[in-house]
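The sequence shown maps to residues 1 to 472 in full-length UniProt numbering.
What follows is a short report on a single structure.
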Amino acid sequence: MPRPPVVPHRRGMVDIAPRQTTTAAPFGGRASMARTSTDAIARTTTGAPTPSRAPRRELPVIGGARDIAIDTTRSILLVIVVALHAFMVGVSLDVNGTPLLENAMEHWSGWPVLTWFAQVMPLFFVLGGFASYTQYSRLRARGTTASAYISSRLVRLLIPAGAAIAAVTVFLAVLTVTGVSPDVIATAGFRISQPFWFLAVYIGVTALVPAMVWLHERNTTLSLLTLALGAVVVDIVRVATDIPAIGLLNLAFVWLFAQQLGFALADGTLDRLGVRAQRVIGVGAVATLALTMLTGFYPTDLYAALNPPMAALVLLGIAQTMLFLQLRAGLRRFGALPGIARVTCWIGDRSMTIYSWHMLVTIAIAGALIIAPFSLPTPVSLDWWLTRPLWFVAVGFAVFLVASLAGRLERRRVTAPAGRVATVAATLLAIAGVVATLIIGSVGAVWVIATAAVALALALVARRAPREISSR
Numbered sequence: 001m002p003r004p005p006v007v008p009h010r011r012g013m014v015d016i017a018p019r020q021t022t023t024a025a026p027f028g029g030r031a032s033m034a035r036t037s038t039d040a041i042a043r044t045t046t047g048a049p050t051p052s053r054a055p056r057r058e059l060p061v062i063g064g065a066r067d068i069a070i071d072t073t074r075s076i077l078l079v080i081v082v083a084l085h086a087f088m089v090g091v092s093l094d095v096n097g098t099p100l101l102e103n104a105m106e107h108w109s110g111w112p113v114l115t116w117f118a119q120v121m122p123l124f125f126v127l128g129g130f131a132s133y134t135q136y137s138r139l140r141a142r143g144t145t146a147s148a149y150i151s152s153r154l155v156r157l158l159i160p161a162g163a164a165i166a167a168v169t170v171f172l173a174v175l176t177v178t179g180v181s182p183d184v185i186a187t188a189g190f191r192i193s194q195p196f197w198f199l200a201v202y203i204g205v206t207a208l209v210p211a212m213v214w215l216h217e218r219n220t221t222l223s224l225l226t227l228a229l230g231a232v233v234v235d236i237v238r239v240a241t242d243i244p245a246i247g248l249l250n251l252a253f254v255w256l257f258a259q260q261l262g263f264a265l266a267d268g269t270l271d272r273l274g275v276r277a278q279r280v281i282g283v284g285a286v287a288t289l290a291l292t293m294l295t296g297f298y299p300t301d302l303y304a305a306l307n308p309p310m311a312a313l314v315l316l317g318i319a320q321t322m323l324f325l326q327l328r329a330g331l332r333r334f335g336a337l338p339g340i341a342r343v344t345c346w347i348g349d350r351s352m353t354i355y356s357w358h359m360l361v362t363i364a365i366a367g368a369l370i371i372a373p374f375s376l377p378t379p380v381s382l383d384w385w386l387t388r389p390l391w392f393v394a395v396g397f398a399v400f401l402v403a404s405l406a407g408r409l410e411r412r413r414v415t416a417p418a419g420r421v422a423t424v425a426a427t428l429l430a431i432a433g434v435v436a437t438l439i440i441g442s443v444g445a446v447w448v449i450a451t452a453a454v455a456l457a458l459a460l461v462a463r464r465a466p467r468e469i470s471s472r
């Protein structure tokens, strides 16, 4: 049976599921697929089948093989996110010489169209669900408990993110001490905080992986439909009551749906639909999304559908996932190229570092431009557009340098499993700290509180593991 191209196992990236294990057949015959269920193992050791109480859906057994398409796509999506955030930063001086730090896209009429191609967060969460499903199923097969899995994931997420939050705290303090305008400092804190919504949500959905996998095993279709319907109901109630805060409930429904769709991608459920059905579903999702926009129920700007998240992102996530399935074979060939594979592994080893630090790096460069001895172009003017290539190169190089240094924190970290109470407390503390920056990130003192909250969360779950435990 043909297998997808593989690359050597690397930290930070997720193994493919399911892995097909073969054993050689005698006399040169075809290899036979080795079964991984408990019954098969029992037959091997005892020669007789072990009675089973009830049929159970088998989870993938993960090994060292990798799905290059998943790894490559995740790296591409991260690059798109960094580039888009850099694209949005507008820095200039007004007629009075006062520094302006703003969202440049607020002045560009082409932005809503661009979001149809640049709003990649739904697929980001789908592929994150694939990663979580394969990792958790592998660790569970080894006897890892749910709390141990969650605590290890918290450490992996919070070390680079916590370092970035602490760096923002120092950055804002330096601006204050050096006499920078309070308005500029507040704007900088606000702009830097915005991408951290992803961290807060990702911590939450990651903490729910064991429970959501349990639901997925019982009824994949029902769990997906329930989450999707929940997102739609929230939108209807939000519009009917004109209470925007109700939409915050979709932080759970929308992103858990995307993660759950990633589970279905990982266990082969979506592959079994067939190419034709995948295309019909994808086209149907796009058509439905376009129709809801024409009626005015959802905005044409898909970034406006992000805060709070709307069910439009459920439709977008379905469409993006079906498109990924159509391109998967080509992505495997592309990702297998030696140069691309090296870049993918480098990004994968530092993915959370890149995401957590890129906005701080971008704002710092923008701040340096304010005091530079040359005039700055007005956002979305002709001169501004002409300088964008140089701006992207500068941001990309700076992010590369920071990720190369700070990325060491993200790798080769080993933790002993924390208890259930400590894990729950750490999860809530981390989310609270990050959410605080999102709500009032313009206040420097809040970043101090967030740093302390994340540090305490890490203290609850991060422990040095015994030497014999492998860091892999």
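Note that the Cβ used here is the ideal one computed from N, Cα and C, for glycine as well.
Range covered by the alpha helix (DSSP H) that runs through residue 84:
68–88
Using C-beta distances below 8 Å, list every residue in its chain close to residue 448, excluding the 5 sequence neighbours before and after it, in chain order.
169
Return the CA-CA distance between residue 178 and residue 391, expressed in angstroms with no decimal places.
25 Å
Got a sec, what are the start and stop residues for the alpha helix (DSSP H) residue 389 sits in?
382–406
What residues in its chain sit with their C-beta under 8 Å from that of residue 451, if we drop five residues either side in the sequence?
162, 165, 166, 169, 433
Measure the alpha-carbon distance for residue 30 versus residue 430 and round it to whole angstroms.
Residue confidence for residue 30 is low, a pLDDT of 35 falling below 50, so the modelled location carries little weight and cannot support an answer.
Here's the rule: buried if 16 or more other CB atoms are within 10 angstroms of the residue's CB, otherwise exposed. What is residue 473?
Outside the displayed range of the chain (1 to 472) lies residue 473, so it cannot be described from this structure.
What's the gap between the Cα of residue 98 and the Cα of residue 188?
15 Å
Option in 350, 372, 146 with minimal Cα separation from residue 159
350
Among 280, 310, 199, whose alpha-carbon lies nearest the alpha-carbon of residue 237?
310
Taking buried to mean at least 16 other C-beta atoms within 10 Å of its own C-beta, is residue 397 buried or exposed?
exposed
Report the rounded CA-to-CA distance for residue 354 versus residue 119, giving the unit in angstroms.
18 Å
Give me the DSSP bridge partner(s) of residue 91.
101
Contact check, residue 441 vs residue 193 under 8 Å by CB: the rounded distance?
3 Å
Sub-8 Å separation of residue 230 and residue 308 beta-carbons:
no
With DSSP as the reference, please indicate the residues paired to residue 306 in a beta bridge.
309
Hey, would you say the C-beta of residue 329 is under 7 Å away from at least one heavy atom of the ligand MG?
For the ligand MG, the structure offers nothing, since it holds no ligand at all.
Assuming residue 454 and residue 151 form a contact by the criterion Cβ under 8 Å, report the distance between their Cβ atoms to the nearest whole angstrom.
So it is not a contact: roughly 14 Å between Cβ atoms.
Residue 465 in three-state terms, based on DSSP:
For residue 465, the predicted model reports a pLDDT of 42, less than 50, meaning its position is unreliable; a value from the coordinates is still stated below. In the structure shown, residue 465 sits in coil (DSSP, three-state: anything other than H, G, I, E or B).
Excluding the five sequence neighbours on either side, which residues of its own chain have a C-beta within less than 6 Å of the C-beta of residue 288, listed in chain order?
315
Cβ shell of residue 111 (< 7 Å), same chain only, five flanking positions each side left out:
105, 301
Do residue 264 and residue 220 come within 8 Å of each other at the CB atom, strictly closer than that value?
yes
Straight-line gap, residue 255 to residue 225 (C-alpha atoms, nearest Å)
13 Å
Residues of its chain near residue 318, where Cβ-Cβ distance is below 6 Å and the 5 sequence neighbours each way are ignored:
285
When you compare the stretch 140–157 with the stretch 120–131, are there three or more beta-carbon pairs, one atom per stretch, that lie closer than 8 Å?
no
How about residue 212 and residue 135: are their beta carbons less than 8 Å apart?
no
So residue 197 is in the alpha helix (DSSP H); what residue range does that whole segment cover?
197–207
Does residue 320 pass the burial test, meaning 16 or more other C-beta atoms within 10 Å, or should it be called exposed?
buried
In whole angstroms, give me the CA-to-CA distance for residue 409 and residue 401.
14 Å
Could you tell me if residue 374 is buried or exposed, where buried requires 16 or more neighbouring beta carbons within 10 angstroms of its beta carbon?
exposed
Determine the burial state of residue 250: buried for a count of at least 16 other Cβ atoms within 10 Å of its Cβ, exposed for fewer.
buried
Can you tell me which of the three DSSP states residue 452 falls into?
helix
Could you check if residue 267 is buried or exposed, using at least 16 other CB atoms within 10 Å of its CB as the buried criterion?
buried
Same chain only: Cβ atoms within 7 Å of residue 328, ignoring 5 sequence neighbours per side
69
Put residue 119 into one of helix, strand or coil per three-state DSSP.
coil
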